[in-house]
Each structure stands twice: as C-alpha cells, then as structure tokens.
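>
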Amino acid sequence: MITVLKQLIKSRKHKNSKLLYYLKNGIRWYCTPHFITELRCRSIINSFNKLEKQEQNYILERVNYYNKLSGSFEPKMVKGNDGTELVPVNNLRPGATLSNRRVGSMYFFDTYEYMRYFKKDNLASFLFGDITFAPEVPSFVKSRPIGNDNGNSVLLNLDKNRHFTFVKDNRKFIDKQDMLIGRAFVDQPHRVRFWEMYFGHPMCDLGNINKKLGSHPEWNVKPISIDQHLDYKYILCLEGNDVASNLKWVMSSNSVAIMPLPVYETWFMEGTLVPNFHYIEIKPDFTDLIEKLNYYNAHPQECEQIIQNAHSYIKQFQNPAKERLIHLLVIEKYFNNLKGN
Numbered sequence: 014m015i016t017v018l019k020q021l022i023k024s025r026k027h028k029n030s031k032l033l034y035y036l037k038n039g040i041r042w043y044c045t046p047h048f049i050t051e052l053r054c055r056s057i058i059n060s061f062n063k064l065e066k067q068e069q070n071y072i073l074e075r076v077n078y079y080n081k082l083s084g085s086f087e088p089k090m091v092k093g094n095d096g097t098e099l100v101p102v103n104n105l106r107p108g109a110t111l112s113n114r115r116v117g118s119m120y121f122f123d124t125y126e127y128m129r130y131f132k133k134d135n136l137a138s139f140l141f142g143d144i145t146f147a148p149e150v151p152s153f154v155k156s157r158p159i160g161n162d163n164g165n166s167v168l169l170n171l172d173k174n175r176h177f178t179f180v181k182d183n184r185k186f187i188d189k190q191d192m193l194i195g196r197a198f199v200d201q202p203h204r205v206r207f208w209e210m211y212f213g214h215p216m217c218d219l220g221n222i223n224k225k226l227g228s229h230p231e232w233n234v235k236p237i238s239i240d241q242h243l244d245y246k247y248i249l250c251l252e253g254n255d256v257a258s259n260l261k262w263v264m265s266s267n268s269v270a271i272m273p274l275p276v277y278e279t280w281f282m283e284g285t286l287v288p289n290f291h292y293i294e295i296k297p298d299f300t301d302l303i304e305k306l307n308y309y310n311a312h313p314q315e316c317e318q319i320i321q322n323a324h325s326y327i328k329q330f331q332n333p334a335k336e337r338l339i340h341l342l343v344i345e346k347y348f349n350n351l352k353g354n
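As structure tokens, this is what we get:
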C-alpha cells in the first residue's frame with residue numbers, strides 16, 4: 014500500500030492539482046458577486062498607466078499578438094457557416110453548447126476567470142477545444158494556426174491546468190542520458206510516421222500510450238511520470254491535434270525540446286519561438302533527427318545555452334498579476350472593436 018502511494022505521489026509530481034483547481038474556481042464562481050469584479054476591472058486596467066514605458070510596450074505587444082483585431086467591426090453575422098456565433102457572455106455556462114461545442118468545465122472556469130470582469134450582456138463568440146482553423150466570427154480560442162490569417166482567433170489561456178505546467182528540475186543537463194524520450198498518444202499520421210522511423214533506434218526511447226492503437230502493439234507502453242522524462246537530455250515535443258501540450262514544462266526543465274517548426278499556437282505564443290535558440294528544430298519529415306542528436310551530444314554547451322534561453326522565455330508567463338492584466342486588455346480590445354457592445 015505504501016509503495017502504491019509513493020508511486021501515485023511521484024506520478025503527480027510537477028502536475029497541477031485538479032482538486033485545488035476546481036476548489037479555487039468553484040469558490041470564484043459561486044462566492045464572488047459579479048458586480049464586485051466588474052467594479053475592479055477598471056482599476057486593474059488603469060494599473061497599466063502606472064507602469065514604465067518599456068513594460069507598457071511589452072504588454073501591448075503581447076495584447077496585440079493575442080488579439081489582432083484592428084478597427085471596429087460590425088457583427089455582420091450572428092452565426093457563421095463554421096458554427097461560430099455571437100452570444101451574450103451570460104450564456105457562458107458549464108455544459109452549455111456554444112458554437113456547436115459543449116463547454117467543458119475547465120474551459121468554462123478558465124474563460125470565466127477573466128470574463129467576470131466585464132458586463133454579462135456583452136456579445137462574444139467562444140470556440141473551445143483544439144482549434145486548427147480561423148473562425149468566420151471573431152472568437153475567443155485556446156489555439157489557432159500560426160500565420161497572418163488568424164486575425165479572427167483571439168487567444169486566451171484556456172485548459173491551462175493541463176497545458177501550463179512548469180517544473181523544477183534539479184538534474185544537470187550533463188548528467189542526463191544522451192537520448193531522446195518520447196511518450197505520446199500516437200494516433201495522428203505524423204506521429205505514426207515518426208514512430209515508424211525511430212521506434213527501436215538506440216538513441217530514442219519511444220512509446221505509445223494510446224491503448225486504442227491496434228496496428229503496432231510493440232509500441233505500447235505504460236505512461237511514465239514527468240519526473241522520469243527528466244532523466245533524458247532530449248524530450249520529443251510533437252504537435253498532436255494542435256500544439257504539443259508538453260512543450261511548456263519541457264522548456265522549464267534542464268532538458269531540451271526537440272520538434273519541427275510549430276504549426277499551431279496558444280497563449281504560450283509558440284509562433285514567436287526561435288529554432289535552435291529556444292528548442293532544437295528538426296525537419297518536418299523528421300529525417301535529420303539522428304544528425305541533430307549527434308551534433309548536440311558533441312556540443313553540450315549549445316544545449317546549455319538553449320536551456321537558459323528557454324528558461325528566460327518561460328519567466329514572462331509566471332507573473333499572475335501581469336497575466337491577468339494582459340487577459341483583461343485582450344478582452345477589452347475585443348469588446349471595444351465589436352460594434353453593439
């Protein structure tokens with residue numbers, strides 16, 4: 014029994030607590046009157062004016078990155094052909110159906126955390142889940158394609174209890190195994206292709222944790238903890254339905270993320286990451302993986318620099334007050350641009 018408990022505790026190490034998440038957000042939803050947060054909104058936003066000019070510029074840069082809407086726009090369509098729809102914010106409820114998608118509890122709580130500062134009758138479109146297309150109606154999303162055609166995709170930090178996990182890694186890079194570790198649900202064609210190319214390679218420890226995959230039973234393994242991943246110098250961060258969900262904690266560790274140039278992005282601004290500066294880039298067809306592993310094993314000082322760069326990048330997301338201010342400014346910009354609000 015004690016051994017089982019120890020294994021359970023170790024497996025949850027470095028992960029955000031779901032119990033604490035629901036407890037905190039339940040209190041926020043049930044016990045904090047809306048009018049109080051609405052009154053506080055202006056004072057929080059006005060705190061921007063007290064910041065140094067450099068800090069203001071940094072915040073505005075992020076706000077305009079997340080929300081690319083420019084100028085006012087008419088709500089030409091209440092509902093788009095893709096299902097996106099403008100609804101009063103008050104329609105946002107756990108289990109509700111918005112834009113033809115059910116509102117999961119975590120998506121609700123993460124959105125409500127900041128929407129509660131604004132009027133309930135404001136119109137907005139919410140498109141929850143792994144979003145890989147640009148919506149017809151400007152919508153709040155967790156993820157979007159990287160590029161210039163994503164202006165209707167307004168990013169918020171959603172499903173963050175799962176995605177925004179950071180670690181404290183006490184292992185030195187030089188003391189870790191000279192291998193790539195990869196654990197994933199191998200159910201997308203590009204992941205299957207990677208496993209077909211490198212499963213069983215002496216420089217790669219790969220495993221599939223998707224029990225429903227029947228075509229390659231030899232790939233199947235039991236999940237391992239984040240802590241066990243940190244025994245390796247290199248950690249695979251392949252995108253799945255949208256972004257690679259492990260990228261945040263990998264970049265906060267003393268291991269190095271290996272991945273192709275990302276296609277999708279979230280609040281983490283994956284589109285601003287610099288290849289071979291924040292992570293080790295491999296080709297989209299994965300053919301140069303072993304070449305890259307051999308190179309960086311021979312040049313560990315370059316890996317140490319990438320790790321430091323990654324840690325510096327992570328720090329910008331670890332100031333709760335600043336993150337709240339940026340969220341409120343992103344949402345305010347949306348409402349200010351939508352005529353009728």
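Letter by letter, the sequence shown follows residues 14 to 354 of the numbering used here.
Ideal Cβ placement from N, Cα and C applies to all residues, glycine included.
Since we're looking at a predicted model, the values are computed, not measured.
Just to confirm my understanding: we take residue 247, look at its own chain, exclude 5 residues before and 5 after, and list those with CB closer than 6 Å. What are they?
The sequence position of residue 247 within the sequence shown is 234, counting from 1. Contacts found: 193, 269 and 271.
> Whose C-alpha, out of 149, 318 and 126, is nearest the C-alpha of residue 4?
No answer is possible for residue 4: it lies beyond the span of the chain, which begins at 14 and ends at 354.
> Report buried or exposed for residue 20, applying the criterion of at least 16 other Cβ atoms within 10 angstroms of its Cβ.
Residue 20 sits at position 7 when you count from the first residue of the sequence shown. For residue 20, the pLDDT reaches just 49, beneath the cut-off of 50, and the residue's location in the model is therefore unreliable, although a value from the coordinates is still provided. Per the 10 Å Cβ criterion, exposed.
> Anyone know if the C-beta pair for residue 304 and residue 273 falls short of 9 Å?
Numbered from its first residue, the sequence shown carries residue 304 at position 291. Numbered from its first residue, the sequence shown carries residue 273 at position 260. No; because the gap between Cβ atoms is not below 9 Å, this pair is not in contact.
> With DSSP collapsed to three states, give me the class of residue 169.
For this step, residue 169 is matched to residue 156 along the sequence shown. Note: residue 169 maps to coil in three-state DSSP.
> In three-state DSSP terms, what is residue 250?
Looking up residue 250 in the sequence shown gives position 237. Residue 250: coil per DSSP, three-state reduction.
> What's the C-alpha gap between residue 110 and residue 92?
Counted from its first residue, the sequence shown places residue 110 at position 97. Counted from its first residue, the sequence shown places residue 92 at position 79. C-alpha separation (whole angstroms): 13 Å.
> Considering only residues of the same chain and omitting the five flanking positions on each side of residue 129, which have a CB-CB separation below 7 Å?
In the sequence shown, the residue the question calls residue 129 occupies position 116. Excluding residues within five positions, the ones whose Cβ falls inside 7 Å are 47 and 50.
> Is residue 72 helix, strand or coil when you go by DSSP?
Along the sequence shown, one-based indexing puts residue 72 at 59. DSSP, reduced to helix, strand and coil, places residue 72 within a helical segment of the structure shown.
> Report buried or exposed for residue 83, applying the criterion of at least 16 other Cβ atoms within 10 angstroms of its Cβ.
Position 70 of the sequence shown, counted from the first residue, corresponds to residue 83. By the 10 Å Cβ count, residue 83 comes out exposed.
> Could you have a look at residue 221 and say whether DSSP puts it in helix, strand or coil?
For the purposes of this step, residue 221 is taken as residue 208 along the sequence shown, with counting starting at 1. Residue 221 falls in the strand class under three-state DSSP.
> Leaving aside the five residues before and after residue 114 along the sequence, list all residues of the same chain whose C-beta is less than 8 Å from its C-beta, in chain order.
Locating residue 114 in the sequence shown gives position 101, counting from the first residue. Counting only Cβ-Cβ distances below 8 Å, and skipping sequence neighbours, we find 96, 140, 141 and 142.
> Could you check the C-alpha separation between residue 266 and residue 324 for me, to the nearest Å?
Along the sequence shown, read from residue 1 onward, the residue named residue 266 stands at position 253. Along the sequence shown, read from residue 1 onward, the residue named residue 324 stands at position 311. Looking at the two C-alpha atoms, the distance is approximately 8 Å.
> Within this structure, are the beta carbons of residue 127 and residue 282 separated by less than 9 Å?
Along the sequence shown, one-based indexing puts residue 127 at 114. Along the sequence shown, one-based indexing puts residue 282 at 269. Going by C-beta atoms, residue 127 is not nearer than 9 Å to residue 282.
> Run the CB neighbour count on residue 278, radius 10 Å, all protein chains shown included, and call it buried at 16 or more, exposed below.
Within the sequence shown, the letter at position 265 stands for residue 278. Label assigned to residue 278: buried.
> Is the segment 219-235 close to the segment 170-181, with three or more CB pairs under 8 Å?
no
> Check whether the Cβ atoms of residue 197 and residue 222 sit closer than 9 Å, and answer yes or no.
Position 184 of the sequence shown, counting from 1, holds the residue named residue 197. Position 209 of the sequence shown, counting from 1, holds the residue named residue 222. Closer than 9 Å, so yes.
> Could you work out which residue in 214, 253, 314 and 71 is closest to residue 186 when comparing CA atoms only?
Start at 1 with the first residue of the sequence shown, and residue 186 comes out as number 173. Of the candidates 214, 253, 314 and 71, the one whose C-alpha sits nearest the C-alpha of residue 186 is 314.
> CA-CA distance, residue 260 and residue 347?
The residue labelled residue 260 in the question sits at position 247 within the sequence shown. The residue labelled residue 347 in the question sits at position 334 within the sequence shown. Each residue's alpha carbon lies about 28 Å from the other.
> At what residue ranges does the segment 121-201 contain a whole run of the alpha helix (DSSP H), taking only runs of 4 or more?
The qualifying runs are 173-176.
> Which whole-angstrom value is the C-beta distance of residue 137 and residue 165, which I expect to be below 8 Å?
Along the sequence shown, one-based indexing puts residue 137 at 124. Along the sequence shown, one-based indexing puts residue 165 at 152. The distance from the Cβ of residue 137 to that of residue 165 is about 12 Å, inconsistent with a contact at the 8 Å cut-off.
> Once you ignore the five residues that flank residue 244 on each side, which residues in its own chain have a CB closer than 8 Å to its CB?
As a working mapping, residue 244 is identified with position 231 in the sequence shown. 184, 189, 190 and 194, listed in sequence order.
> What is the rounded straight-line gap between the Cα of residue 40 and the Cα of residue 122?
Here residue 40 refers to the residue found at position 27 of the sequence shown. Here residue 122 refers to the residue found at position 109 of the sequence shown. Answer to the nearest angstrom: the Cα atoms are 11 Å apart.
> Could you spell out the range, first to last residue, of the alpha helix (DSSP H) harbouring residue 264?
Along the sequence shown, read from residue 1 onward, the residue named residue 264 stands at position 251. Counting along the chain, the alpha helix (DSSP H) containing residue 264 begins and ends at 260-264.
> Got a sec? Which residues, its chain only, sit under 8 Å from residue 327 by beta carbon, not counting five neighbours each side?
As a working mapping, residue 327 is identified with position 314 in the sequence shown. Result list for residue 327: 179, 261, 264 and 265, in chain order.
> With distances taken from CA atoms, which of 224, 253, 56 and 74 is nearest residue 176?
What you label residue 176 is simply residue 163 of the sequence shown in a count that begins at 1. Answer by Cα proximity: 253.
> Our contact map puts residue 275 next to residue 256 with C-beta atoms below 8 Å; I'd like the distance itself, whole angstroms only.
To locate residue 275, count along the sequence shown from 1; it is residue 262. To locate residue 256, count along the sequence shown from 1; it is residue 243. Yes, they are in contact, since the Cβ atoms of residue 275 and residue 256 sit about 7 Å apart, within 8 Å.
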